[in-house]
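S.K.: The sequence shown runs 11 to 223 under the working numbering. Glycine included, C-beta positions come from ideal geometry on N, C-alpha and C. Okay, handing you the structure first.
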Amino acid sequence: MEKCKRYFIFIVGLFINSLGVSLITKADLGTSPISSIPYVSSLNFPFTLGVFTIIFSLLLILLQLFILGKNFRAEHYLQIPVSIAFGFFIDICMFFLTDLQPVMYFTKLFYLLIGCVVLGVGVYFEILADVVMLPGESFVRAVVYRWKTDFGTIKIAFDVSLSCIAALLSFLFAGELFGVREGTIIAALLVGFIARTLNRQLAFLPTALFSVK
């Protein structure tokens, strides 16, 4: 029963995550770092953001397999259905937000901040559920485990690398910068802060919801 509760919370968090990513993307100030490569790809090829998110997530899982080798455990494969669901949820949210096309910069900034808050809440739900990590965070964890480094440092380096690669792809495919802007930096700084704050302020929830001693 407890495991079912955890997975339910995780799925809810996954959908909230996808809504946050979609709001940030629709704000048109640059998407979140983890979505930057899929988003730039979706702007230049006839596939959706959700489809490219799935493809990119599967690539990260494959990289984890190479990094961890025999330490890649069976439960890591749960990232595959999670990635597919995440991409599907993103496309659903992008569809329902089709008419959301802010023009004024203040309005774009408003939706960006709302998206960051929503995404931060989604990340917190995933932390609360504590069952599966999305491929982005799991890839960082794999690097930390393999080379005994600091999670926070690798996470920052990972986000910066993704944003730089997305910017290079944008120039390569379109000849100009699309998909990586100030909103990418804001999302990178704000989402983690919100998730950590919620985790600290709601520290009583795991005990209240689960059999945590």
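From Met11 to Ala198, what distance separates their C-alpha atoms?
M.R.: In a straight line, the C-alpha of Met11 is about 35 Å away from that of Ala198.
S.K.: Just the C-alpha distance for Met114 and Thr35, rounded to the nearest angstrom, thanks.
M.R.: Going by the C-alpha atoms only, they are around 15 Å apart.
S.K.: Once DSSP output is grouped into helix, strand and coil, what is the label at Lys158?
M.R.: Three-state DSSP puts Lys158 in coil, outside helix and strand.
S.K.: When you compare the CB of Ala167 with every CB in chain B, is at least one pair closer than 8 Å?
M.R.: The displayed structure is made up of one protein chain only, and chain B is not part of it.
S.K.: If you reduce the DSSP assignment to three classes, tell me which class Met143 lands in.
M.R.: Here Met143 sits in coil by DSSP.
S.K.: Mind checking Asp169: buried by the 16 CB within 10 Å criterion, or exposed?
M.R.: Result: buried.
S.K.: Rounding to the nearest angstrom, what Cα-Cα distance links Lys13 and Glu186 in this structure?
M.R.: In a straight line, the C-alpha of Lys13 is about 47 Å away from that of Glu186.
S.K.: Any idea what DSSP makes of Glu136, helix, strand or coil?
M.R.: Glu136 falls in the helix class under three-state DSSP.
S.K.: Compute the Euclidean distance between the alpha carbons of Arg210 and Pro216, then round it to the nearest angstrom.
M.R.: Distance between the alpha carbons of Arg210 and Pro216: 11 Å.
S.K.: Report the start-end ranges of each alpha helix (DSSP H) in the stretch 85-109 that is 4 residues or longer and not cut off at the edges.
M.R.: Listed in chain order, they are 89-106.
S.K.: Run through the stretch 28-61 for me and flag every whole alpha helix (DSSP H) of 4 or more residues, listed as ranges in chain order.
M.R.: Qualifying alpha helix (DSSP H) stretches, in chain order: 43-54.
S.K.: Using the Cα positions of Val131 and Ile26, report the straight-line distance between them to the nearest angstrom.
M.R.: Taking the straight line from one Cα to the other gives about 7 Å.
S.K.: What do you get for Arg191, buried or exposed, if any count of 16 or more other CB atoms within 10 angstroms of its CB means buried?
M.R.: The residue is buried, with at least 16 neighbouring Cβ atoms inside 10 Å.
S.K.: Along the chain, where does the alpha helix (DSSP H) that runs through Phe82 open and close?
M.R.: No alpha helix (DSSP H) holds Phe82; DSSP gives it neither H nor E.
S.K.: Between Val133 and Leu24, what straight-line distance do the alpha-carbon atoms span, to the nearest angstrom?
M.R.: If I take the Cα positions, the gap works out to 8 Å.
S.K.: May I ask you to report which of helix, strand or coil DSSP gives Ser67?
M.R.: In the structure shown, Ser67 sits in a helix (DSSP, three-state: H, G or I).
S.K.: Is Gln111 helix, strand or coil when you go by DSSP?
M.R.: In the structure shown, Gln111 sits in coil (DSSP, three-state: anything other than H, G, I, E or B).
S.K.: Taking only the alpha-carbon atoms, compute the straight-line gap between Leu33 and Leu122 and give it to the nearest angstrom.
M.R.: Going from the Cα of Leu33 to the Cα of Leu122 covers about 7 Å.
S.K.: What's the C-alpha gap between Ser67 and Gly146?
M.R.: The straight-line gap from Cα to Cα measures roughly 7 Å.
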